[in-house]
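First the structure, in the form of structure tokens, and then the observations on it.
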Amino acid sequence: MQRFQVSEDSMRPTLAPGDEFVATGSRRADVGDVVALPHPGRDDFWLVKRVGAVPGDLVDGGSRLGPGEAWVISDNPGEGATDSRSFGPVPIAKLRPMVTHLDETTFREAVDLLVSEEPVFAAVIDEHGAPPFWSRPAGFATLVWLIMEQQVSLESGAAMYRRVHGLLGAITPEGVAASTESDLRGIGVTRQKASYLLELGRSVAGGDLDLDALGHMPFSEARDTLLEVKGIGPWTADVYLLSALRFPDVFPLGDRALQVGAGEVLGMIAVPDGDELELLSLPWRPIRAAAARIIWHAYLANRGRVEPPDPTGGHRVARPA
């Protein structure tokens, strides 16, 4: 995994000058991927382009790409033709796809990169080992679980989720939308959270919120879409985007465990608040989701804690009880 920063306008609107991203050499590039590649005619200079064609595809002029060849193009061709229109096909093996969502492999690469740059993260790994790749299933049930966990202990949130599941038989948008506040209040859900669940169920069942589309949106758009739903605030949106959709640069600034854990990892006297934490996290962009998992890992290990099972069937991320 390597860091890159965009310096030109050729990839607008996807990427603007100053934007940062990481790219990996651990998977082969495919059509549609944004990639970093060494400039064919300049040493020590990288380009950022999009893959337009791969071996066997027809390209400009009707020629067909041979084995091992790719055709790369600019998203903003008006800014010049410094792409395959000018220098021709490039070796597909030299293309490094931009990491848009973490998986087990790219998460490990991100941890290794952060550890190589940040001595305090290296110390965490030396003392506690590598963090697990905490994740949760994407979808409606995980959002319901997160709402149940708001402002309560992990155990209480999981217990209330199981009660809702027992009431409805399955956690589905249609099932929640068809329930009533009285039904939910009857199993101990607070009035406020009952209204949140009903709003979420109706939004998804009615098609106003398309959960499947979120993972295909840019991070900021996906976050804004979630925040429009009553009952989904910054913490809920960020934890969902980090753990279920696996965006690489999510950092839940309002998470108390993250604040406390960051203060401990960095050797601070006082616990940083959200504004301080944002400033402290800037060097860890654009893979702050990996940094958050390292910090949560240290937070739990320092307390001898093991996270309870996620009632939706996924793997938990940390928050203090």
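For the sequence shown, my numbering gives the first residue as 219, with consecutive numbering after it.
Yeah, the Cβ is synthetic: ideal placement off N, Cα and C, and Gly gets one too.
With a threshold of 16 other beta carbon atoms within 10 Å, R314 meets it and is buried. Secondary structure of L460 (DSSP, three-state): helix. Shown here, A241 sits in a strand according to DSSP, grouped into three states. Across the structure, S400 and D430 are spaced so that their CA atoms are roughly 30 Å apart.
For P256, the beta-bridge partners assigned by DSSP are W264. The beta carbon of L233 sits closer than 6 Å to the beta carbons of V224 from its chain, once the five residues preceding and following it are set aside; these are given in chain order.
In the structure shown, the three-state DSSP call for V447 is coil.
Non-local C-beta neighbours of I450 in its own chain, meaning closer than 6 Å and more than five positions away in sequence, comprise L444, ordered along the chain.
Taken through DSSP and simplified to helix, strand or coil, W363 comes out as helix. Taking a cut-off of 8 Å on C-beta distances, the stretch 358 to 369 touches the stretch 455 to 468, as three or more cross pairs fall below it. Cβ-Cβ distances below 8 Å link D467 to F437, R503, P504, I505, R506 and A507 in the same chain, with the five nearest sequence neighbours on each side left out; the list follows chain order. In the same chain as A395, and ignoring 5 residues on each side of it, the C-beta atoms closer than 6 Å to its own belong to G419, R420 and A423, in chain order.
DSSP lists R282 as the bridge partner or partners of L276.
Here I512 is near P349, since their CB atoms are less than 7 Å apart. Per the DSSP secondary-structure output, F222 pairs in a beta bridge with F239. Looking at the DSSP output, W289 bridges to A271. In the displayed model, V338 falls within a helix according to three-state DSSP.
A straight-line Cα-Cα distance of about 9 Å links D442 and P452. In the three-state reduction of the DSSP assignment, V249 falls in the coil class. Per the C-alpha coordinates, the member of H434, P258 and E373 positioned closest to R303 is P258. By the Cβ neighbour-count rule, S292 is buried, with 16 or more other Cβ atoms within 10 Å of its own.
Secondary structure of P315 (DSSP, three-state): strand.
Taken in chain order, the complete alpha helix (DSSP H) segments of 4 residues or longer contained in the stretch 387 to 435 are 391 to 396, 399 to 404, 409 to 423 and 429 to 432. Only residues of its own chain outside the window of five on either side were considered, and among them H346 have a CB closer than 6 Å to the CB of A519, listed in chain order. Contact check for A271 against W289 passes: the beta carbons are separated by less than 7 Å.
The residue among Q220, R381, G425 and V447 with its C-alpha nearest the C-alpha of E238 is Q220. Spanning the alpha carbons of V308 and E287 requires a straight line of approximately 6 Å. Inside the stretch 497 to 528, DSSP marks whole alpha helix (DSSP H) runs of 4 or more residues at positions 506 to 520, from first to last along the chain.
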